[in-house]
Amino acid sequence: MKNYCLEREEQDSLLVWERRVFAVALAWTLPGFIVGAFVGLMLPGEEVRYLCLALSMAVSALVGGLLEADHLI
Numbered sequence: 001m002k003n004y005c006l007e008r009e010e011q012d013s014l015l016v017w018e019r020r021v022f023a024v025a026l027a028w029t030l031p032g033f034i035v036g037a038f039v040g041l042m043l044p045g046e047e048v049r050y051l052c053l054a055l056s057m058a059v060s061a062l063v064g065g066l067l068e069a070d071h072l073i
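Under UniProt numbering, the residue at position 62 of the sequence shown is numbered 62, and the numbers go up by one with no gaps.
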């Protein structure tokens, strides 16, 4: 009899798991970009716009990556 649990663990190596988390985090940066651009347009000053855009993308990527990592565990 084969142990399918071991085969499944061998297929899901750490590198595959990390790539999936990074891909989901990258996909979540798009909503962060849209929200950051919208909020940045409402604020005065160029520096504030870029900071708002960068922060919203970073937060959305972090949330997306954590959600996917939690889902995979």
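Beta carbons are placed, not taken as given, at the ideal position from N, Cα and C, and that holds for glycine.
- DSSP, read as helix, strand or coil, puts Leu-53 in helix.
- Relative to the Cα of Gly-36, the nearest Cα in the group Phe-22, Ser-60 and Glu-18 belongs to Ser-60.
- Rounded to the nearest angstrom, the gap between the Cα atoms of Tyr-50 and Trp-28 is 18 Å.
- Excluding five sequence positions before and after Ser-56, the CB atoms of its chain that fall closer than 8 Å to its own CB belong to Gly-32, Phe-33, Val-35, Gly-36 and Val-39, given in chain order.
- Per DSSP, reduced to three states, the secondary structure at Pro-44 is coil, with no helix or strand assignment.
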